[in-house]
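Chain order of the listed sequences is U and Y.
All residue numbers for the first sequence refer to our numbering, where the first residue is 5 and numbers rise by one.
All residue numbers for the second sequence refer to our numbering, where the first residue is 5 and numbers rise by one.
2 protein chains.
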Amino acid sequence: MSYKNFLADDVEKLDKLNRVQLINSIVGYKSVNLVGTIDQNKRTNLAVVSSVCHLGSNPPLISMIIRPATVPRHTFSNILESKYYTLNQVTVDMVEQAHQTSARYPKDVSEFDATGLTPIFRDGFVAPFVAESPLQLGMSLNEVHHLECNGTEMIIGSVHSISVKEGALGEDGFVDLNKLNAVCASGVDAYYKPELIKRLAYAKPK
Amino acid sequence: MSYKNFLADDVEKLDKLNRVQLINSIVGYKSVNLVGTIDQNKRTNLAVVSSVCHLGSNPPLISMIIRPATVPRHTFSNILESKYYTLNQVTVDMVEQAHQTSARYPKDVSEFDATGLTPIFRDGFVAPFVAESPLQLGMSLNEVHHLECNGTEMIIGSVHSISVKEGALGEDGFVDLNKLNAVCASGVDAYYKPELIKRLAYAKPK
Numbered sequence: 005m006s007y008k009n010f011l012a013d014d015v016e017k018l019d020k021l022n023r024v025q026l027i028n029s030i031v032g033y034k035s036v037n038l039v040g041t042i043d044q045n046k047r048t049n050l051a052v053v054s055s056v057c058h059l060g061s062n063p064p065l066i067s068m069i070i071r072p073a074t075v076p077r078h079t080f081s082n083i084l085e086s087k088y089y090t091l092n093q094v095t096v097d098m099v100e101q102a103h104q105t106s107a108r109y110p111k112d113v114s115e116f117d118a119t120g121l122t123p124i125f126r127d128g129f130v131a132p133f134v135a136e137s138p139l140q141l142g143m144s145l146n147e148v149h150h151l152e153c154n155g156t157e158m159i160i161g162s163v164h165s166i167s168v169k170e171g172a173l174g175e176d177g178f179v180d181l182n183k184l185n186a187v188c189a190s191g192v193d194a195y196y197k198p199e200l201i202k203r204l205a206y207a208k209p210k
Numbered sequence: 005m006s007y008k009n010f011l012a013d014d015v016e017k018l019d020k021l022n023r024v025q026l027i028n029s030i031v032g033y034k035s036v037n038l039v040g041t042i043d044q045n046k047r048t049n050l051a052v053v054s055s056v057c058h059l060g061s062n063p064p065l066i067s068m069i070i071r072p073a074t075v076p077r078h079t080f081s082n083i084l085e086s087k088y089y090t091l092n093q094v095t096v097d098m099v100e101q102a103h104q105t106s107a108r109y110p111k112d113v114s115e116f117d118a119t120g121l122t123p124i125f126r127d128g129f130v131a132p133f134v135a136e137s138p139l140q141l142g143m144s145l146n147e148v149h150h151l152e153c154n155g156t157e158m159i160i161g162s163v164h165s166i167s168v169k170e171g172a173l174g175e176d177g178f179v180d181l182n183k184l185n186a187v188c189a190s191g192v193d194a195y196y197k198p199e200l201i202k203r204l205a206y207a208k209p210k
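And the structure:
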């Protein structure tokens with residue numbers, strides 16, 4: 005194989021947009037979730053995130069990275085204020101609307117209104133779910149880690165509730181994201197529909 | 005839409021394997037990377053991880069979660085020891101071998117030998133790259149965060165080098181993972197080949 009090589013110095017010399025595309029795409033494919041929050045004046049907010057990560061199953065914990073200096077700053081302050089948020093899986097049909105939530109709307113504009121996605125409230129949970137999403141998680145704030153290296157914030161949440169569209173949940177607990185028509189992303193602007201290659205057995209030394 | 009609903013109590017009552025499958029799959033699709041490390045006795049180690057996350061592009065920083073109590077414990081101790089590691093994108097052709105690295109091999113067995121993947125060393129960088137991978141990152145350790153909530157470790161690394169197969173790098177800096185035949189994963193055992201839906205323009209308020 006023939007490779008194109010960059011050292012750290014070469015990356016530093018790239019113009020900003022090139023560097024952003026390069027570094028965002030080298031990590032591999034990313035999940036796409038919409039974070040639903042609400043402030044103390046009952047104003048809703050919705051932001052697309054591609055940094056959601058499974059931390060552990062017992063207890064069920066999920067992390068995400070928020071960059072306070074950029075778009076989802078209302079998301080961060082709302083989570084600190086209310087202690088609750090939702091994660092809503094993005095499907096093929098929702099890609100344009102999800103991407104549009106990354107526009108810099110003023111605080112008095114809800115991304116729900118701006119994009120036409122529908123907030124729903126369930127069982128007294130304070131943060132809004134996205135009605136169009138077939139996989140909706142209610143999350144409660146657990147830990148926040150300030151990452152000194154670049155000033156981002158890592159938010160760790162506990163899974164408070166899971167709502168998954170009928171028919172996608174297997175007998176073994178596996179949620180079939182293919183059946184939900186969920187997407188993944190790469191870089192900052194590319195969206196994909198994954199096709200199953202195979203499921204493999206639990207690995208043991210041969 | 006009709007939903008199947010779980011509250012935290014319902015999740016807690018699931019048997020272990022069901023809970024692991026459920027919580028691993030609700031976060032969405034995940035990247036698949038092989039982490040290459042080496043110990044002070046020059047023994048190499050290779051571990052598959054699905055928790056790699058872009059933290060920022062300037063400076064270029066990437067995080068991953070390591071669970072010291074489970075399989076990649078050698079990975080964690082090797083990174084702390086040598087301060088360097090590699091991230092190697094997994095392709096369709098490498099899925100079985102990558103998955104097999106998650107088996108619990110004893111410390112004196114290198115997962116390179118056990119799976120038939122090929123370690124290569126480049127430009128004096130101490131950690132081994134995976135020769136079969138078309139996207140190889142040299143990483144230097146930056147920060148470690150111990151996550152109190154479940155005892156996992158978050159490793160933050162700086163991008164030291166990038167080697168990407170010729171032909172996959174766009175003029176805008178975007179690395180086309182499709183051209184590399186890269187995969188994504190869901191749950192603990194399902195692997196997928198994503199198909200591009202579209203790339204979208206930078207979002208602005210309408």
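Quick reminder that beta carbons are idealized off the backbone N, C-alpha and C, glycines included.
Determine the direct distance from the alpha carbon of I30 (chain Y) to that of V130 (chain Y), and round the result to whole angstroms.
Rounded to whole angstroms, the separation of the alpha carbons of I30 (chain Y) and V130 (chain Y) is 37 Å.
So, using beta-carbon positions, are V179 (chain U) and V36 (chain U) closer together than 8 Å?
In this structure, V36 (chain U) does not lie closer than 8 Å to V179 (chain U) by Cβ.
Assuming N82 (chain U) and S137 (chain U) form a contact by the criterion Cβ under 8 Å, report the distance between their Cβ atoms to the nearest whole angstrom.
Taking the Cβ atoms as the reference, N82 (chain U) lies roughly 18 Å from S137 (chain U), outside the contact range of under 8 Å.
Leaving aside the five residues before and after D112 (chain U) along the sequence, list all residues of the same chain whose C-beta is less than 8 Å from its C-beta, in chain order.
Only R47 meet the Cβ criterion.
What does the alpha-carbon distance come out to for the pair V52 (chain Y) and H149 (chain U)?
Distance from the CA of V52 (chain Y) to the CA of H149 (chain U), rounded to the nearest whole angstrom, comes to 25 Å.
What is the residue span of the beta strand (DSSP E) that F114 (chain Y) lies within?
With the sequence shown as reference, residue 114 (chain Y) is identified as Ser, and Phe is not the correct amino acid for it. First-last for S114 (chain Y): undefined, no H or E at that position.
Could you please tell me which residues of the segment 62–88 of chain Y, in chain order, have their CB closer than 8 Å to any CB of chain U?
Sequence-ordered contacts of the segment 62–88 of chain Y with chain U read N62, P63, P64, L65, I66, S67, I69, R71 [C-beta pairs closer than 8 Å].
Let me confirm a value: A207 (chain U) is counted as buried when at least 16 other C-beta atoms fall within 10 Å, else exposed. Which label applies?
Its Cβ being crowded by 16 or more others within 10 Å, A207 (chain U) is buried.
Length of the line joining the Cα atoms of K210 (chain Y) and L200 (chain Y)
Roughly 25 Å between the two C-alpha positions.
For N185 (chain U), return the contacting residues in chain Y, with the cut-off set at a CB-CB distance below 9 Å.
Around N185 (chain U), no beta-carbon contact reaches into chain Y at under 9 Å, the shortest distance being about 11 Å.
8 Å is my cut-off, CB to CB: does P198 (chain U) come that close to chain Y?
So, interface residue.
Taking CB distances under 8 Å as the criterion, tell me whether F133 (chain Y) reaches chain U.
Output row for F133 (chain Y): interface = no.
In chain order, what residues of the segment 145–164 of chain U put their CB closer than 9 Å to some CB of chain Y?
Residues N146, E147, H149, L151, E152, C153, N154, G155, T156, M158, I160, S162, V163, H164.
Can you pull the chain U residues whose beta carbon is under 9 Å from the beta carbon of A107 (chain Y), in chain order?
Chain-ordered, the chain U residues with CB closer than 9 Å to the CB of A107 (chain Y) read Y206, A207, K208, P209, K210.
Give the range of the beta strand (DSSP E) segment to which T79 (chain U) is assigned.
Where T79 (chain U) is concerned, there is no enclosing beta strand (DSSP E), although the alpha helix (DSSP H) it sits in stretches over 77–86.
Using three-state DSSP, classify Q44 (chain U) as helix, strand or coil.
The DSSP-derived three-state label of Q44 (chain U) is coil.
Among U:Y109, U:M98, U:R23, nearest to Y195 (chain U) - alpha-carbon criterion:
Among U:Y109, U:M98, U:R23, the Cα nearest to that of Y195 (chain U) is on U:M98.
Using a beta-carbon distance cut-off of less than 9 Å, what residues from the segment 12–43 of chain Y approach chain U?
Result list: A12, D14, V15, E16, L18, D19, K20, L21, N22, R23, V24, Q25, L26, I27, N28, S29, I30, V31, G32, Y33, K34, S35, V36, N37.
Residue range of the alpha helix (DSSP H) that includes R23 (chain Y)
Start and end: 20–29.
The alpha helix (DSSP H) with K17 (chain Y) in it runs from where to where?
Taken as a continuous stretch (DSSP letters only), the alpha helix (DSSP H) holding K17 (chain Y) covers 12–17.
Distance cutoff 8 Å, beta carbons only. Does Q93 (chain U) sit that close to anything in chain Y?
Closer than 8 Å: yes.
Checking the sheet assignment: what are the DSSP bridge partners for V179 (chain Y)?
Answer is Y:L173, bridged to V179 (chain Y).
Is it the case that the segment 166–184 of chain Y contacts the segment 9–26 of chain U, given that we only count it when at least three CB pairs across the two stretches are under 8 Å?
Taking 8 Å as the limit for Cβ pairs, the verdict is that the segment 166–184 of chain Y does touch the segment 9–26 of chain U.
Would you give the residue range spanned by the beta strand (DSSP E) that E199 (chain Y) belongs to?
Segment 194–203, the beta strand (DSSP E) holding E199 (chain Y).
Considering A189 (chain U), what are the terminal residues of the beta strand (DSSP E) in which it resides?
Judged by DSSP secondary structure, A189 (chain U) falls within the beta strand (DSSP E) whose first and last residues are 188–190.
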